[in-house]
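Asks:
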Amino acid sequence: MKFFLDTGNIDEIKRIAKLGLVDGVTTNPTLIAKEGRPFKDIIKEICEVVDGPVSAEVIGLTVEEMVKEAEELASWAPNVVIKLPMTEEGLEATYELTKRGIKTNVTLVFSAAQGLMAAKAGATYISPFVGRLDDIGTEGMALVRDLKTILANYGFETEIIAASIRNIEHVEKTAVAGADIATIPGSLLPKLWKHPLTDKGIEQFLKDWEIVPK
Ligand code: E4P
17 MKFFLDTGNI DEIKRIAKLG LVDGVTTNPT LIAKEGRPFK DIIKEICEVV
67 DGPVSAEVIG LTVEEMVKEA EELASWAPNV VIKLPMTEEG LEATYELTKR
117 GIKTNVTLVF SAAQGLMAAK AGATYISPFV GRLDDIGTEG MALVRDLKTI
167 LANYGFETEI IAASIRNIEH VEKTAVAGAD IATIPGSLLP KLWKHPLTDK
217 GIEQFLKDWE IVPK
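Residue numbers (the numbering used here): 17 to 230.
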């Protein structure tokens, strides 16, 4: 499973990229707003640090606006992927951009039917939102599992990005479900390599080492 970082924060990306754990990055307007810097500067800087796909989201809601914005965003760096909302207009823009050879990530996917539509429109990636489904009392991971089955049934090349990942269990279950990618908040990813028993074990080993004759 590939790891994308779900952040607009360059320091988080640099820290985790040093460990070889960053296969790509996803952003959204909320994450960009937290940085207090121009969108273009953030995306260009991320693309310099990360070789893999970097999702940048359009704001327009009409097909024309989305395609125009997408052309602009795609000109910023070769690894920019255009993030589009799961709407009728978003599907048409996805279809058009796919024909133009521009990679897309259809976001805000909350049902298997939506994911199937996006894959048929040619989306490079689809982003089912696990945490936000959990928030309304629906098991988000069931959607990831269903989409995995549906895409495999028909041989779609579209990759599943499990998004709205909130905790370690989400990441583990995403991997068990066979999603291609988990996009993980920069604040959560460091927690994946931590375990209290690892820390306790190190402490004990160091303590015991002190009594080894030197
Ligand atoms: C990524 O593509 C999504 O925008 C992001 O994972 C949403 O996460 P949230 O539901 O925690 O805001």
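Positions of the beta carbon are idealized from the N, C-alpha and C atoms, including for glycine.
Since the model is a prediction, treat every value here as computed from it, not as a measurement.
What is the DSSP secondary structure of Leu124, reduced to helix, strand or coil?
Replies: Of the three classes helix, strand and coil, the one that applies to Leu124 here is strand, per DSSP.
Asks: Fully enclosed by the segment 87 to 161, which beta strand (DSSP E) runs are 3 residues long or longer?
Replies: 96 to 101, 120 to 125, 141 to 144
Asks: Identify which residue in Ala134, Val192, Ile26 has its Cα closest to the Cα of Glu61.
Replies: Ile26
Asks: For the ligand E4P, is there a heavy atom less than 8 angstroms away from the beta-carbon of Asn25?
Replies: no
Asks: When the Cα atoms are used, what is the spatial distance from Asn44 to Leu149?
Replies: 18 angstroms
Asks: Cβ-heavy atom distance between Gly52 and the ligand E4P below 8 angstroms?
Replies: no
Asks: Select from Val38, Ala193, Pro144, Lys207 the residue whose C-alpha is nearest the C-alpha of Lys99.
Replies: Pro144
Asks: So, helix, strand or coil for Lys18, using DSSP?
Replies: strand
Asks: State buried or exposed for Gln220, treating a residue as buried only when at least 16 other CB atoms are found within 10 Å of its CB.
Replies: exposed
Asks: Measure the C-alpha to C-alpha separation of Thr78 and Leu113 and round it to an integer number of angstroms.
Replies: Approximately 14 angstroms between the Cα atoms of the pair.
Asks: State yes or no: is the C-beta of Gly36 nearer than 8 angstroms to some heavy atom of the ligand E4P?
Replies: Checking the Cβ of Gly36 against the ligand E4P gives no.
Asks: To which residues of the same chain is Ile184 closer than 7 angstroms at the C-beta, ignoring the five residues directly before and after it?
Replies: Lys207, Leu208
Asks: Residues bridged to Asp42 by DSSP?
Replies: Note on identity: in this sequence residue 42 is Thr, with Asp being the wrong assignment. Paired residue(s): Asp22, Ser71.
Asks: Find out if the Cβ-Cβ distance for the pair Gly202, Ile48 is shorter than 9 angstroms.
Replies: no
Asks: May I ask whether a heavy atom of the ligand E4P can be found less than 8 angstroms away from the beta carbon of Pro201?
Replies: yes
Asks: At a cut-off of 8 angstroms, would you count Asp196 as near the ligand E4P, judging by its Cβ distance to the nearest heavy atom?
Replies: Asp196 Cβ: outside cutoff for every heavy atom of the ligand E4P.
Asks: For Pro54, does the three-state DSSP call read helix, strand or coil?
Replies: coil
Asks: Say the cut is 8 angstroms; is the CB of Leu100 nearer than that to a heavy atom of the ligand E4P?
Replies: No, Cβ of Leu100 sits at least 8 angstroms from all heavy atoms of the ligand E4P.
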